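Below is one structure, written out as structure tokens; comments come after it.
Residue numbers (the numbering used here), protein chains in the order written: chain A, 5 to 285; chain B, 64 to 332.
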């Protein structure tokens, strides 16, 4: 379980008139949850997730993971980083080893595991993200964009984290690669891993996350199920966000006098609701 | 951690130094360096210090900001001072076993430190008050005589401005990659030097790759906009006005003053 208690964060706390990147953050994420964090560019969502594995320390307040308390003064958090895996935006930019397998081994090696154990974990992780064994000895720089990203994600998975945090993992991927990646996250979640997915795309998040946290201007604006959050359409639009396309259609149908369910964000369910409404007429 | 480096940074303000023609500032910096090396007695250094003080006040850049750049060279400064203090032969002031401190050593170390500090502060005033674009425009203008010997002046200036432009970008990139590798358990604070050098590989390889990628993208973007080098005209051509001529006059007077001081007054060492 990870928990934020009154967290506030400043990038330049010593500068007069600095504005916080995070303010009044109180958030609790239980084991096994699939949480989507949504916010406009610059809203503070990336800052928030960098607290989760201790890359940033809160300026005020504290962050707690499984009893480990992190506040402004905490140092060396290597252990935490193995428990909470963080995948950055464009993770393929972090690849550096000569071969795919060695690159994925980097994380486990830093944890001080033996070579055999590292390899075992790397193969497991690559298997999970769907990278074929024939690529193990290839240079990561020869792979296609989508494959590079899989390898990079495997690099974090190989540390066997219990929580996986991903910052805009689908940016720059084609629709198929996007779909594959999100499905993979779902599988990992079904196996018991906590997933925190950061995105500004409602459509991505709505389909998979069971809980949404909306960050606006350093604050948590909404926190609830997708249905709850999407009912605040006008506030979301004001924040530069939107409801998923399909919810938008349903909401305008409803406001134009059709008796449909305007909380849906799933295409099939929406189609059914429209059919039902038309039958009734 | 990388945000502290102010060397080569621009500080926007509305001052006479900011408005001065960048060519004057470059020539002025060269003259200032010359003054520093002409000085060989207290009066010479005093003149340099006064010139520096006037420039700092005129630039309207906070003093704290100017000296923040010093942090980068403090190590170099210390090595210079220590070597000069202990290794210069001469009249011994203090001796303890093999270690001795000489009068000449102290003097040389002191003047070296002053020269280095003045040099860095003086040149950083130039970069703090001049945007990188102005700086390269001025360099291009000042180097234009070299066109006669077939030196590609415009291209050299363009390369310099691109290099300067990329400093903050690569800085940010370094920060990102560092964090990404730290998320995979990498440590950049190892005590042993060999471990520390090794720990830089996961940082440097992606950084190089990204620098090449960015260079490639930029070249493509420039070509797409039909960039062909030096045949362009300027939107804002550099133009001297009266305050620039005045500044030139003051600069030359100070330089002549420094030379006069050197010739007329006795040297320290």
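All residues carry an ideal CB built from backbone N, CA and C; glycine is no exception.
All of these numbers come straight from a predicted model, not from anything done at the bench.
Going by C-alpha positions, residue 105 of chain A is about 34 Å away from residue 210 of chain A.
Assignment of residue 8 of chain A by DSSP, reduced to helix, strand and coil, places it in the strand class. Straight-line spacing of the CA atoms in residue 90 of chain A and residue 198 of chain A works out to 12 Å. One alpha carbon belongs to residue 148 of chain A, the other to residue 216 of chain B, and they sit about 40 Å apart.
Assignment of beta strand (DSSP E) within the segment 154–227 of chain A, counting only whole runs of 3 or more residues, yields 167–171, 198–203 and 215–220 in chain order.
Of all residues in the segment 234–247 of chain B, the ones placed with a Cβ closer than 9 Å to any Cβ belonging to chain A are 236, 239, 240, 242, 243, 244, 245, 246 and 247, in chain order. Apart from sequence neighbours up to five positions away, the residues of its chain that approach residue 217 of chain A with a beta-carbon distance below 8 Å are 31, 39, 40, 41, 42, 224, 226 and 227, ordered along the chain.
Residue 167 of chain A and residue 140 of chain B have their C-alpha atoms roughly 47 Å apart. For the segment 54–67 of chain A, the beta-carbon criterion of a distance under 8 Å to any beta-carbon of chain B is satisfied by 54, 57 and 59. With 16 or more neighbouring CB atoms inside 10 Å of its own CB, residue 113 of chain A falls in the buried class. Among the CB atoms of chain A, one or more fall inside 7 Å of the CB of residue 265 of chain B. By the C-beta criterion, the segment 189–207 of chain B is judged not to be in contact with the segment 155–173 of chain B, since fewer than 3 inter-stretch pairs fall below 8 Å. Taking 7 Å as the cut-off, the Cβ atoms of residue 258 of chain A and residue 270 of chain A do not count as close.
Judged by their CB atoms, residue 219 of chain A and residue 49 of chain A are nearer to each other than the 7 Å cut-off.
In chain order, 248 make up the part of chain B whose C-beta sits under 8 Å from the C-beta of residue 86 of chain A. Between residue 309 of chain B and residue 111 of chain B, the alpha-carbon positions lie close to 19 Å from each other.
Identification of chain A residues near residue 323 of chain B by a Cβ-Cβ cut-off of 8 Å yields none; the smallest Cβ-Cβ distance measures about 46 Å. Interface residue (Cβ-Cβ distance to chain A less than 7 Å): residue 273 of chain B is classified as such. Of the candidates A/115, A/108, A/119 and A/120, A/108 places its Cα closest to the Cα of residue 140 of chain A. The Cβ-Cβ distance between residue 134 of chain A and residue 247 of chain B does not fall below 7 Å. Against residue 268 of chain B, the close residues of chain A are 99, 100 and 101, in the order they occur along the chain (beta-carbon pairs closer than 9 Å).
Contact between the segment 269–278 of chain B and the segment 234–242 of chain B is present: three or more C-beta pairs spanning the two stretches fall below 8 Å. Under the 7 Å criterion on CB atoms, residue 159 of chain A is classed as interfacial with respect to chain B. The beta carbon of residue 234 of chain A sits no closer than 7 Å to any beta carbon of chain B. In this structure, the alpha-carbon of residue 44 of chain A lies about 38 Å from that of residue 259 of chain B.
Looking at the DSSP output, residue 38 of chain A shares a beta bridge with A/199.
Against chain B, the beta carbon of residue 82 of chain A has neighbours under 8 Å at 248 and 250, listed in chain order. If you draw a 10 Å sphere on the C-beta of residue 279 of chain A, you find fewer than 16 other C-beta atoms in it, and that means exposed. At a cut-off of 7 Å between beta-carbon atoms, residue 226 of chain A makes no contact with chain B.
Within the model, the alpha-carbon separation for residue 82 of chain A versus residue 225 of chain B is close to 38 Å.
Among the residues of chain B, those whose CB is under 7 Å from the CB of residue 110 of chain A are 247 and 265, following chain order. DSSP links residue 159 of chain B through a beta bridge to B/162.
In this structure, the CA atom of residue 189 of chain B is about 15 Å from the CA atom of residue 311 of chain B.
Rounded to the nearest angstrom, the gap between the Cα atoms of residue 250 of chain A and residue 28 of chain A is 32 Å. Chain-order list of chain B residues neighbouring residue 95 of chain A: 243, by C-beta distance under 8 Å. Bounds of any beta strand (DSSP E) do not take in residue 85 of chain A; it lies within the alpha helix (DSSP H) bounded by 82–87.
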